[in-house]
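Read through the structure below, which is laid out as structure tokens, and then see the notes.
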Amino acid sequence: MTRPRPALIGHRARFTLSCYGLLLVPLALLTLFVYVPVMWAFTKSLFQFEVGGASRFIGLDNYVEFITRDPTTIPSFLNMLFLTLFAVCTRLSIPLILAKLIHALASERARYFYRVLFLIPVLVPGVAVQLIWAGMIYRDRGMLNEALRAVGLDTLVTGWLSDPSTALVAVAFVGFPFVGGFEVLIYYAGLSSIPQSVTEAAAIEGCVGLQKFFRIDIPMVLSQLKLILILTIIGGVQGFQGIFIMTRGGPGFKTTVPGLWMYFNAFSFQRMGYACAIGVCLFAVIFGLTILNMRYFKSTEELVGRR
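According to our numbering, the sequence shown is numbered sequentially starting from 1340.
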């Protein structure tokens, strides 16, 4: 057996050391701007303090208050659950169907055209989209209510964002028809990576159309589905930007979510310690859901590896 030459060993060692050295800078920045603030939030969640004021150690009182005494906790988590489940259902289905339709086109130019067409909305800032939607469903002169009046459906005219019975659903439907350009591209890439031999074997066996979609395509893009699921759950638990812009959690607490309540406690009520405790609880929820997803939702590569 031939031993590796010393020069080759030295080159590998230098290359490995250089890789570690290059990783030190981003790791230091990540520690400074991510891990240190996270640890600060964990620590301050045990204190009662205001920005610029004195702090007092209160142990787990902030957590006890949020979990047992805060009247907004249960409604806000239920709102978050509804919005997250709604987002999961739409982002795991509609973009996948569109990606399949685009992938099935015979012309490469047509496939390219539709990919660009569905990607263009991603370039529009999210704040602008939410402001446009808020104007469209505005109570008096919104586009939706004007359209209802035009077709004689005046009885359906309502303040979609100010009516307690419709506010949460109206927030959930922002972005209709839920054609996410990012998700479409992710699914399209997954469908394009399916080996031609698999497609040909399925055709020989008579597995075509919807049967092929459910038995071949979906199992082969489980990695992409897993990625979108994780990102959607994280966004659903953390997100409150759209609600803050359109309803600020109202009417009452009908559209309040934990992230928005954390923001209000931090910057409106100046209860930074309590806001940190809410943030830690959200972190625990996201971490737990991600672990469950990684544990029970196996990607295509993981399923093949188990076999």
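By construction, the Cβ of each residue, glycine as well, lies at the ideal position given by its N, Cα and C atoms.
For residue i, which option in the options has the closest C-alpha, if you only look at C-alpha atoms?
i	options	result
I1406	F1626, L1621 and I1625	L1621
F1386	L1628, G1465, I1617 and F1626	I1617
M1419	W1600, L1440 and P1376	W1600
P1558	G1578, G1581, N1604 and P1534	P1534
V1513	T1355, S1432, I1476 and K1439	I1476
Y1613	A1380, L1568, V1466 and Y1374	A1380
F1457	T1382, M1378 and G1520	G1520
F1579	L1507, L1566 and T1497	L1507
T1429	L1444, F1517 and I1569	F1517
T1423	Y1635, R1634 and L1628	L1628
S1596	L1564, G1581 and G1392	Residue 1596 is actually Val in this sequence, not Ser. For V1596, the nearest C-alpha among the options comes from G1581.
T1594	C1546, L1492 and T1505	T1505
D1556	F1425, V1375 and L1435	L1435
A1473	M1611, F1606, I1630 and T1586	T1586
L1650	I1569, V1619, Y1635 and L1356	No answer is possible for residue 1650: the residues shown for the chain start at 1340 and end at 1646.
I1584	R1408, Q1469 and V1373	Q1469
L1570	Y1374, S1607 and I1630	I1630
By how many angstroms is the C-alpha of residue j removed from the C-alpha of residue i?
i	j	result
V1364	G1591	47 Å
I1459	V1510	22 Å
T1411	Y1602	13 Å
I1567	L1431	7 Å
F1421	V1427	10 Å
G1588	S1501	10 Å
M1433	R1353	For the sequence presented, residue 1433 should be read as Ile rather than Met. Answer to the nearest angstrom: the Cα atoms are 49 Å apart.
R1488	K1383	53 Å
V1496	N1484	5 Å
I1471	F1416	27 Å
G1529	V1560	5 Å
W1499	R1478	7 Å
A1486	F1515	16 Å
A1438	G1392	54 Å
E1539	S1562	22 Å
S1357	R1351	10 Å
S1656	N1401	The structure shown does not extend to residue 1656, since the chain is modelled only from 1340 through 1646, so no value can be given for it.
M1611	G1548	56 Å
L1371	A1623	21 Å
E1404	S1607	18 Å
L1366	P1503	47 Å
F1452	S1531	16 Å
Does the beta-carbon of residue i, which I'm using as the reference point, lie nearer than 7 Å to any heavy atom of the ligand MN?
i	result
F1515	This structure lacks the ligand MN; in fact it carries no ligand of any kind.
Counting C-beta neighbours from all protein chains within 10 Å, is the total for residue i 16 or more, i.e. buried, or is it exposed?
i	result
Y1526	buried
N1604	buried
N1632	exposed
I1543	exposed
G1598	buried
M1378	exposed
G1491	exposed
A1615	This sequence places Cys at residue 1615; Ala is not what is there. It is buried - the Cβ of C1615 has at least 16 other Cβ atoms within 10 Å.
G1360	exposed
M1482	exposed
L1564	buried
If I follow the unbroken beta strand (DSSP E) through residue i, where does it start and stop?
i	result
Q1387	F1386 to F1388
R1408	Taken as a continuous stretch (DSSP letters only), R1408 belongs to no beta strand (DSSP E), as it is neither H nor E.
F1396	S1394 to F1396
Residues in the same chain with beta-carbon distance under 8 Å from residue i, minus the five sequence neighbours each way, listed in chain order, please.
i	result
I1625	I1572, I1573, V1576 and Q1577
G1465	Q1580 and G1581
R1454	I1441, V1523, L1524 and Y1527
C1546	R1554 and I1555
I'd like the list of long-range same chain contacts for residue i, defined as Cβ closer than 6 Å, with 5 residues on each side in sequence excluded.
i	result
P1414	F1592
L1551	Note that residue 1551 is Lys in the sequence shown, not Leu. Within the same chain, K1551 has close Cβ partners A1541.
R1450	I1441 and L1444
Excluding sequence positions up to five away, which residues of its chain have a Cβ less than 7 Å from the Cβ of residue i?
i	result
Q1609	E1389 and V1390
V1461	G1520 and F1521
F1425	A1511
Hey, could you find the ends of the alpha helix (DSSP H) residue i is sitting in?
i	result
A1542	Q1535 to I1543
W1499	Element bounds for W1499: n/a, residue is neither H nor E.
R1634	M1611 to Y1635
A1576	Checking the sequence, you will find Val at residue 1576 rather than Ala. Where V1576 is concerned, the enclosing alpha helix (DSSP H) stretches over L1561 to Q1577.
F1515	Counting along the chain, F1515 falls outside any alpha helix (DSSP H), and DSSP gives it neither H nor E.
I1548	Residue 1548 is actually Gly in this sequence, not Ile. It spans G1548 to K1551 - the alpha helix (DSSP H) in which G1548 sits, taken as one unbroken run.
I1441	I1433 to H1442
G1529	G1520 to S1531
G1491	Unbroken run through G1491: none, as it is neither H nor E.
D1400	D1400 to V1403
V1466	G1465 to M1475
A1380	V1375 to K1383
A1605	P1597 to F1606
A1449	E1447 to L1458
If you measure from the beta carbon of residue i to each beta carbon in chain C, is any gap under 8 Å?
i	result
A1489	In the displayed structure, chain C is absent; only one protein chain is listed.
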